[in-house]
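Engineer: Residue numbers (my numbering): 532 to 1011. Ideal Cβ placement from N, Cα and C applies to all residues, glycine included. Dropping a structure here in structure tokens format, bear with me for questions.
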Amino acid sequence: MALITALRRTCCTALEGRLPRLARLDGNSRTRALSILSSSSFNIDHVGKRTCLSPQKWQQTRGLLCSATHGSKLEAWEVLREQLQVSVQAGGRQVQVQWDDSLESTTRYSSTWLRYHCHCLQCKQAHSGQRLLNPLSLPATQEVTKAWVDDEDRALHLGFAGEPDHVTVLPLGWLWKNSYSEEHRRQRAEKRRPLVHQNGFPEISYKKLLSGNKSVLLRWMQDISDYGVSLVRDVPTELGTVAKVGELIAPVQQSIYGNVFDVVSTEKPINAAYSNVGLEFHMDLMYYESPPGLQLLHCVRFNPEVQGGESVLLDVFPVVEHLRVHHPEDFNTLVRVPVTFQKIHFDREYPVCMRYQRPHIVLNPDKEVIAVNWSPQFEGPLSVPEDDVEPYYKAYRRLVQAMQDSPLKKERRLEPGDCLVFNNRRMLHSRRAFTLAPGTVRHLQGCYINIDEFKNRVQVLSTLVGDGSEARRVGNQDFF
């Protein structure tokens, strides 16, 4: 009853007002409480629109909201509400929210930022969630005249100068989740940082993936998100099955090689992969504006008599970080100087003439590596200012050496029924040369999945059946 009473009670925090203090929430409890507020467990999209919880879900939510303080259990929302302080600063140009009395929990929001993100029905469409606000309909400057927290909808309410008939509404959980304070941004960046799998590849059986259990699918996709790779075992060796594995994630991505391609030695290969030569580390289709995200390689047939042909993977992100630490000048050269990737081949059923110029290493404004572009087999002539040519090749050679020396290389001879799934934007792949004895075959089938479709699937399943955590950084040049 205490929580219900608290939810129904409207408590306005005056600009300079302070509420009585209860015991302080520790960081984990505060985060869990605010995660509940920002999740779909208690769905408050707009003022006056609330989706009730089922009794079972309510008990789960109430359990998460409870926090032990002063020897008794108090609902985390009540504690959070009592700790919460809101103040208008800088002449109305800024609003500070202090989630409790710890310094790291304080966020200062620009008044303009707050106004642009209003969740009311005038500014945001209820069903689609799309913003309806026209910036030119607002005053040129945004100044908050009053601020209060309404316990009924668990939201910050703001009045703005020049808008007497409008109240800006921002759910507290949403505000916390989207805080852009330095500490919050650091924490979010840490959670998105890819992990390194030290021993072999994460593995799962195809039968488990077909069970229909969404939690199993999520764990599989999170392995790919976290470590960049997963090995699916015991996949039927019928032709075309690789697409069925891929479609457990998202629709197969079309490319100049079709929906499904055969990696098998031919007399007149349209790609070096379609021969028996060794392949150096590379990413596929770097001459596309949006190269494939996931690559799936399904071993259909690989006779034991075939000598060589092992697959090798290397997580490139730690390699370029090593280069940054030990050879910063070379690292910066590869960030600054663009290289041309190209595929020009007219003597084929589907003629191709594609070029794309981009640097090998891409950084976000925080100088974090968000993408690596590497495909030596498809590099065209370097077309850069004269002074950049020699420094580029020096840095290029240094990076190749770092790849060869890396202890993170993972090698495996695929067996029939194995399906290797890896992030083409993160994991370099190569192949040992092989020799075919008479009557023997090395036959893999492959397909691609768009990186945005994969990332979306991870985050949707994480929200529906997981803990709501975001996908790791996938190497698609996203600044997050």
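Which same chain residues, not among the five before or five after Met752, have their C-beta less than 8 Å away from its C-beta?
Structural biologist: The answer, listed in chain order, is Ile780, Phe985, Arg988, Val989, Leu992.
Engineer: Taking the CB atoms as reference points, tell me whether Val1005 and Asn954 lie closer together than 8 Å.
Structural biologist: Yes.
Engineer: Indicate the three-state DSSP secondary structure (helix, strand or coil) for Trp679 in the structure shown.
Structural biologist: Looking at Trp679 - three-state DSSP - the assignment turns out to be strand.
Engineer: Do the CB positions of Ser842 and Leu945 come within less than 8 Å of each other?
Structural biologist: A contact, by the Cβ cut-off of 8 Å.
Engineer: Name the one or two DSSP bridge partners that Lys722 has.
Structural biologist: Paired residue(s): none; Lys722 is not in a bridge.
Engineer: Under 8 Å Cβ to Cβ from Asp765, same chain only, skipping five residues before and after it: list those, please.
Structural biologist: Counting only Cβ-Cβ distances below 8 Å, and skipping sequence neighbours, we find Ser736, Tyr737, Lys738, Gly948.
Engineer: Among the candidates Leu810, Tyr927, Arg832, Val619, whose CA atom is the shortest distance from the CA of Val675?
Structural biologist: The residue with the shortest Cα to Cα distance from Val675 is Val619.
Engineer: List in chain order: all unbroken beta strand (DSSP E) runs of 3+ residues lying wholly within the region 736 to 766.
Structural biologist: You should have 760 to 764.
Engineer: How big is the Cα-Cα spacing for Arg1034 and Leu894?
Structural biologist: Past the edges of the chain, shown from 532 to 1011, lies residue 1034, and the structure says nothing about it.
Engineer: Do Arg962 and Gly840 have their beta-carbon atoms positioned less than 8 Å apart in this structure?
Structural biologist: The answer is yes: Cβ separation under 8 Å.
Engineer: Unbroken beta strand (DSSP E) runs of length 3 or more, entirely within the region 872 to 919: which are they?
Structural biologist: Segments of the beta strand (DSSP E) lying fully in the region 872 to 919: 883 to 890, 892 to 894, 900 to 903.
Engineer: Between Thr541 and the rest of its own chain, which residues show a CB-CB distance below 8 Å, the 5 nearest in sequence each way excluded?
Structural biologist: Because the pLDDT at Thr541 is just 33, under 50, the model does not fix this residue reliably, and the point stays unresolved.
Engineer: By the three-class DSSP mapping on this structure, what secondary structure does Met934 have?
Structural biologist: Three-state result, Met934: helix.
Engineer: Would you report the Cα separation of Pro859 and Met958, rounded to the nearest angstrom?
Structural biologist: Distance between the alpha carbons of Pro859 and Met958: 22 Å.
Engineer: Mapping the DSSP letters down to three states, classify Gln838 as helix, strand or coil.
Structural biologist: Here Gln838 sits in strand by DSSP.
Engineer: Are His829 and Val773 close, meaning C-beta to C-beta below 8 Å?
Structural biologist: In contact: His829 and Val773 (Cβ atoms closer than 8 Å).
Engineer: Within the continuous beta strand (DSSP E) that includes Lys708, where are the two ends?
Structural biologist: Careful: Lys708 lies outside any beta strand (DSSP E), inside the alpha helix (DSSP H) at 703 to 708.
Engineer: So what does DSSP say about Val794, is it helix, strand or coil?
Structural biologist: Note: Val794 maps to strand in three-state DSSP.
Engineer: Answer yes or no: do Leu663 and Gln673 have a C-beta to C-beta separation smaller than 8 Å?
Structural biologist: Contact flag unset, no.
Engineer: Pick helix, strand or coil for Ser636, following the three-state DSSP scheme.
Structural biologist: Three-state DSSP puts Ser636 in a helix.
Engineer: Can you tell me the Cβ-Cβ gap for Leu689 and Leu645, rounded? I've got them flagged as a contact below 8 Å.
Structural biologist: Their Cβ separation, rounded to whole angstroms, is 6 Å, which keeps Leu689 and Leu645 in contact under 8 Å.
Engineer: Is it buried or exposed for Leu687, if we count other Cβ within 10 angstroms and need 16 for buried?
Structural biologist: Leu687 comes out buried.
Engineer: Is DSSP giving Thr864 helix, strand or coil here?
Structural biologist: DSSP places Thr864 in helix when its eight states are reduced to three.
Engineer: Quick check on the DSSP output: what are the complete alpha helix (DSSP H) runs of length 4 or more inside the region 930 to 1011, in order along the chain?
Structural biologist: Runs of the alpha helix (DSSP H) inside the region 930 to 1011: 982 to 996.
Engineer: Between Gly997 and the rest of its own chain, which residues show a CB-CB distance below 7 Å, the 5 nearest in sequence each way excluded?
Structural biologist: Result list for Gly997: Leu749, in chain order.
Engineer: Leaving out the 5 sequence neighbours to the left and right, which residues in its chain are closer than 8 Å to Pro890 when beta-carbon positions are compared?
Structural biologist: Cβ neighbours of Pro890 beyond the five flanking positions: Leu865, Val866, Arg867, Val868, Pro869, Val870, Asn904.
Engineer: Which same chain residues, not among the five before or five after Gln729, have their C-beta less than 6 Å away from its C-beta?
Structural biologist: Taken in chain order, the list of residues that qualify is empty.
Engineer: Report all residues from its chain with a CB closer than 7 Å to the CB of Leu816; omit the five preceding and five following residues, and keep chain order.
Structural biologist: Here the set comprises Ser786, Pro822, Pro823.
Engineer: Does the beta-carbon distance from Gln873 to Phe848 come in below 8 Å?
Structural biologist: Result no, Cβ atoms of Gln873 and Phe848 do not sit closer than 8 Å.
Engineer: Return the chain-ordered list of same chain residues with a C-beta closer than 8 Å to the C-beta of Gln1008, the five sequence neighbours on each side being excluded.
Structural biologist: Answer for Gln1008: Val893, Ile901, Ala902, listed in chain order.
Engineer: For Val700, name the three-state secondary structure that DSSP assigns.
Structural biologist: Three-state result, Val700: strand.
Engineer: By the three-class DSSP mapping on this structure, what secondary structure does Val851 have?
Structural biologist: Looking at Val851 - three-state DSSP - the assignment turns out to be helix.
Engineer: Assuming Leu845 and Phe812 make a contact with CB atoms under 8 Å, what is their CB distance in whole Å?
Structural biologist: Sure, about 6 Å apart at Cβ, within 8 Å.
Engineer: With a 10 Å radius around its C-beta and 16 neighbouring C-beta atoms as the bar for buried, classify Ile875 as buried or exposed.
Structural biologist: So Ile875 counts as exposed.
Engineer: Measuring straight from C-alpha to C-alpha, what distance separates Asn1022 and Arg624?
Structural biologist: This structure cannot settle anything about residue 1022, because the visible part of the chain is limited to 532 through 1011.
Engineer: If I follow the unbroken beta strand (DSSP E) through Leu828, where does it start and stop?
Structural biologist: Looking at the DSSP string, the run of the beta strand (DSSP E) that includes Leu828 is 825 to 833.
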